[in-house]
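What follows is a set of notes on a single structure, which appears directly below.
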């Protein structure tokens, strides 16, 4: 048996049948990480002790046999380093939290722990989830396991790379503007950005609270669904979380209307990406789905709208890093004379340049005299974007789009041009503004002289219709 | 292009500062980004309501219960331990003035 090649359900069966123990499984993946992660660098922290404790718990449930082992029980996983695990260092890949220890479990972590999931470690990311390549980590760059000269995407690049490199069966990431879907696409794995409110955000370090959502990465849509089912649901500790009411009807591909937004197939898209996505659309058509052209007329405003709203919220959320309450501090710097000095010197020294850029932009758009022209206008444009999606999703059951306009780019390629980095999120950002859910899954591969690179497609459904996306994805995976 | 003075003002509001050598580069990048987001000016927002959340949320209240503070934190000492400086049950900071 090769544990890294089996699905979560298959591994679950192996565990129940006692063909392998959770402890052996944990050791298999921990060894693999120790041997191979030096080439990829997907982990910031390895949590071996916690992993073995969780594995023991799963093995005890199996040994007793009087209690059902949850599907994620005994399954090795990784957690993005902006999600709290009690007693474990949590850095958000920032120097300002380099030696911060989480004082409690995030709700998603508590749910995974309670179900016996085996947490192997914390994964690398862009600092405070701000970036699209994981190059903004204050510690090191993560490499794409499909081609180590390229980025894994971001901001959840470590979580995507860990799944692609078979260091774990699934991982959690966070998605504010594409931070799960774009790295899933770049690394050739599946990643879900759930509907806003479907998963509790309690215990995830806030970036833009009206856009942030936690979601899973896995090798395929079925595994993603298993993890989504394990972490979703209303949480009294997050007042924006809701219970999902799922339709029980089975999806029939013959009745499925797939909407293709015409604004997403204009200029600026890589030719190989376009070809792969168009071929995926044809495959759905051959399976009997009806392809309909839909329009998202305010697409051109999504990116500027996002960069106003997300940075405005970030500038408020990141005010908590002040050198007083927690994190790295300049309080003992002899040049610092007063409280304001502690704030300014600590933030100046320990925040990275992209984080500073976004705090500055957010502060600017909220500042006196500019609020109406920027922030309030962006909130109105957001309504227009949400209305676009409501209309398009009344004409189609699911929308199918590219995830990223380009193939995974080279490490260093976009680091000197923040604006061109922002443009790599052009197809993912609207989904967060509208609050709908979206699944990124491999659509195909492109052969380059240097090797094969994955291309991801995005399925988008109405709020809380994750099940429909999973069913449509599974149908595609069966024939692809 | 946004002026150096304006950047210094926003930096002050942001509790940040930029050294002389970094200011010029930042000014250029920041101006380019501002110019980009200004493209929203073209959007027709006449009669459109602003939105802050994609789902309908209203204020959620809980009972004022000293045992249930709406958190999973079970030990306040963990918060004090996280602070760069504390004394007794208090966080310690430099003087305000």
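Chains as they are written, first to last, in our numbering: chain X, 25 to 504; chain C, 570 to 666.
Don't be surprised by glycine CBs; every beta carbon is placed ideally from N, CA and C.
Practice task
Would you list the residues sitting across from residue 198 of chain X in a DSSP beta bridge?
Solution key: Residue 198 of chain X is bridged to X:238.
Practice task
Flag residue 177 of chain X as yes if its beta-carbon sits less than 8 Å from any beta-carbon of chain C, otherwise no.
Solution key: no
Problem - Candidates X:473, X:439, X:482, X:377: closest to residue 423 of chain X by CA position - result: X:482
Exercise for the section: Using a Cβ-Cβ cut-off of 8 Å, state whether residue 659 of chain C counts as contacting chain X. Expected result: no
Exercise for the section: Compare the beta carbon distance of residue 64 of chain X and residue 207 of chain X with 8 Å and say whether it is the shorter of the two. Expected result: Cβ distance not < 8 Å, so residue 64 of chain X and residue 207 of chain X don't count as in contact.
Exercise for the section: Using the DSSP secondary-structure output, state which residues sit across from residue 101 of chain X in a beta bridge. Expected result: X:143, X:194
Practice task
Please confirm whether residue 117 of chain X and residue 149 of chain X have their CB atoms less than 8 Å apart.
Solution key: yes
Problem - Closest residue to residue 372 of chain X among C:573, C:591, C:633 (Cα-Cα distance) - result: Per the C-alpha coordinates, the member of C:573, C:591, C:633 positioned closest to residue 372 of chain X is C:591.
Practice task
Please report the Cβ distance between residue 459 of chain X and residue 623 of chain C, rounded to the nearest whole angstrom; I am assuming they are in contact, meaning their Cβ atoms lie under 8 Å.
Solution key: Sure, about 2 Å apart at Cβ, within 8 Å.
Exercise for the section: Could you work out which residues of chain C lie near residue 122 of chain X, taking near to mean beta carbons separated by less than 8 Å? Expected result: Here the premise fails: no neighbours, minimum Cβ distance about 12 Å.
Exercise for the section: Determine which residues share a DSSP beta bridge with residue 462 of chain X and list them. Expected result: X:217, X:484
Practice task
Go ahead and pull the three-state DSSP assignment for residue 40 of chain X.
Solution key: In the structure shown, residue 40 of chain X adopts helical secondary structure according to DSSP, grouped into three states.
Problem - Min CB distance residue 463 of chain X to chain C below 8 Å - result: In terms of beta-carbon proximity, residue 463 of chain X stays away from the interface with chain C, with every pair separated by 8 Å or more.
Exercise for the section: Determine the burial state of residue 6 of chain X: buried for a count of at least 16 other Cβ atoms within 10 Å of its Cβ, exposed for fewer. Expected result: What the structure shows of chain X is the stretch from 25 to 504, and residue 6 of chain X is not part of that stretch, so it cannot be assessed.
Exercise for the section: Please go through the same chain and pick out, in chain order, the residues whose beta-carbon is closer than 7 Å to the beta-carbon of residue 46 of chain X, but skip the five residues on each side of it. Expected result: Around residue 46 of chain X: 39, 79, 82, 83, 98, 142.
Practice task
Identify whether residue 655 of chain C lies in helix, strand or coil by the three-state DSSP scheme.
Solution key: Looking at residue 655 of chain C - three-state DSSP - the assignment turns out to be strand.
Handout entry: At least 3 beta-carbon pairs within less than 8 Å: the region 218-236 of chain X vs the region 258-265 of chain X
Key = yes
Practice task
Put residue 223 of chain X into one of helix, strand or coil per three-state DSSP.
Solution key: strand
Handout entry: In DSSP terms, what residue 347 of chain X is bridged to
Key = Answer by DSSP bridge pairing: none, since residue 347 of chain X is not bridged.
Problem - Unbroken beta strand (DSSP E) run spanning residue 593 of chain C, endpoints - result: Looking at the DSSP string, residue 593 of chain C is not in any beta strand (DSSP E); the run it does join, the alpha helix (DSSP H), is 589-606.
Handout entry: Any C-beta of chain C under 8 Å from that of residue 21 of chain X
Key = With chain X represented from 25 up to 504, any question about residue 21 of chain X goes unanswered, as that position is not in the structure.
Problem - Alpha-carbon to alpha-carbon, residue 638 of chain C and residue 176 of chain X - result: 40 Å
Problem - Meets three-Cβ-pair contact criterion under 8 Å: the region 399-411 of chain X and the region 433-440 of chain X - result: no
Exercise for the section: Using a Cβ-Cβ cut-off of less than 7 Å, list which residues of the region 619-632 of chain C approach chain X; keep chain order. Expected result: 619, 620, 621, 622, 623, 624, 626, 629
Exercise for the section: Taking only the alpha-carbon atoms, compute the straight-line gap between residue 433 of chain X and residue 358 of chain X and give it to the nearest angstrom. Expected result: When rounded, the distance between both Cα atoms is 44 Å.
Practice task
With DSSP collapsed to three states, give me the class of residue 168 of chain X.
Solution key: strand
Exercise for the section: Starting from the C-beta of residue 506 of chain X, find all residues in its chain whose C-beta is less than 6 Å away, skip the five residues before and the five after it, and write them out in chain order. Expected result: Residue 506 of chain X cannot be examined here, being either before or after the span of chain X that is shown, 25 to 504.
Handout entry: Within chain C, the residues that residue 151 of chain X reaches when beta carbons sit closer than 7 Å
Key = Correct list: empty, because the minimum Cβ distance to chain C is about 15 Å.
Handout entry: Nearest candidate by alpha-carbon position, reference residue 235 of chain X, set X:336, X:299, X:54, X:311
Key = Per the Cα distances, X:336.
Practice task
Please list the partners that residue 586 of chain C has in chain X, where partner means a Cβ-to-Cβ separation under 7 Å.
Solution key: 368, 372
Problem - residue 232 of chain X - DSSP class collapsed to helix/strand/coil - result: coil
Problem - Contacts around residue 427 of chain X, its chain only, beta-carbon distance under 7 Å, and the 5 residues preceding and following it disregarded - result: The answer, listed in chain order, is 205, 206, 209, 451, 452, 464, 480, 481, 482.
Exercise for the section: Return no unless some Cβ of chain C is closer than 8 Å to the Cβ of residue 127 of chain X. Expected result: yes
Problem - Interface partners of residue 401 of chain X on chain C, CB under 9 Å - result: By Cβ distance, chain C contributes 609, 610, 612, 614, 619.
Practice task
Check each candidate in X:52, X:172, X:121 and name the one with the smallest Cα separation from residue 191 of chain X.
Solution key: X:52
Problem - Contact check, residue 178 of chain X vs residue 203 of chain X, beta carbons under 8 Å - result: Cβ atoms of residue 178 of chain X and residue 203 of chain X: closer than 8 Å.
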